[in-house]
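J.:
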Amino acid sequence: MDLEVRHLRMIVVVAESGSVTKAAASLGLAQPALTAQLNRIDRALGGCVFTRDRLGARPTELGELVLRHARVVLPAMSALVDDARRHVSDRATTGAVRVGTVSSAIGGLFANRLHVAVPAA
125 MDLEVRHLRM IVVVAESGSV TKAAASLGLA QPALTAQLNR IDRALGGCVF TRDRLGARPT
185 ELGELVLRHA RVVLPAMSAL VDDARRHVSD RATTGAVRVG TVSSAIGGLF ANRLHVAVPA
245 A
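So, in structure tokens, the structure goes:
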């Protein structure tokens with residue numbers, strides 16, 4: 125199994141809440157589903173990320189290492205997605221639009237209204 129961004133989010137939420145049950149509720153997952161994911165993450169990394177008992181969940185040394193990286197990776201991924209969406213949106217809103225009219229008076233009126241609505245046009 126490859127570690128995915130969603131797994132890093134799970135790890136951060138469990139660490140911040142201190143409880144698998146609370147983290148599951150926060151993530152919108154059933155507690156057994158989150159526990160199964162954490163077990164898969166442990167197997168993928170070759171060690172336990174959390175010490176889990178009736179008192180809650182606490183990061184192990186491995187967990188602290190993963191958390192340090194996750195707290196860098198998650199904001200970077202969020203910034204990447206935001207920048208990519210902004211780039212696509214900017215490209216989608218720029219370009220040429222050609223409008224043809226029969227009467228020059230209508231064309232002038234349309235051009236004036238377009239300029240008021242979109243000054244950069």
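The working numbering puts the first residue of the sequence shown at 125, with every later residue one more than the last.
Beta carbons: idealized from backbone N, C-alpha and C, even for Gly.
Mark L162 as exposed unless 16 or more other C-beta atoms lie within 10 angstroms of its C-beta, in which case mark it buried.
T.: For the purposes of this step, residue 162 is identified with residue 38 of the sequence shown, where counting begins at 1. L162 is buried by the Cβ-count criterion.
J.: Run through DSSP, which three-state label would P243 get?
T.: For the purposes of this step, residue 243 is identified with residue 119 of the sequence shown, where counting begins at 1. Coil.
J.: Look at the Cβ atom of F174, then the Cβ atom of T159, and state whether they are nearer than 8 Å.
T.: Walking along the sequence shown from the start, residue 174 turns up at place 50. Walking along the sequence shown from the start, residue 159 turns up at place 35. No. Outside cutoff.
J.: Closest to R182 by C-alpha separation, out of G232, A154, L238, V144, would be which residue?
T.: In the sequence shown, the residue the question calls residue 182 occupies position 58. Of G232, A154, L238, V144, the residue nearest in Cα terms is V144.
J.: Give me the Cα-Cα distance between R133 and A241, rounded to the nearest whole angstrom.
T.: If you number the sequence shown from 1, residue 133 lands on position 9. If you number the sequence shown from 1, residue 241 lands on position 117. If I take the Cα positions, the gap works out to 42 Å.
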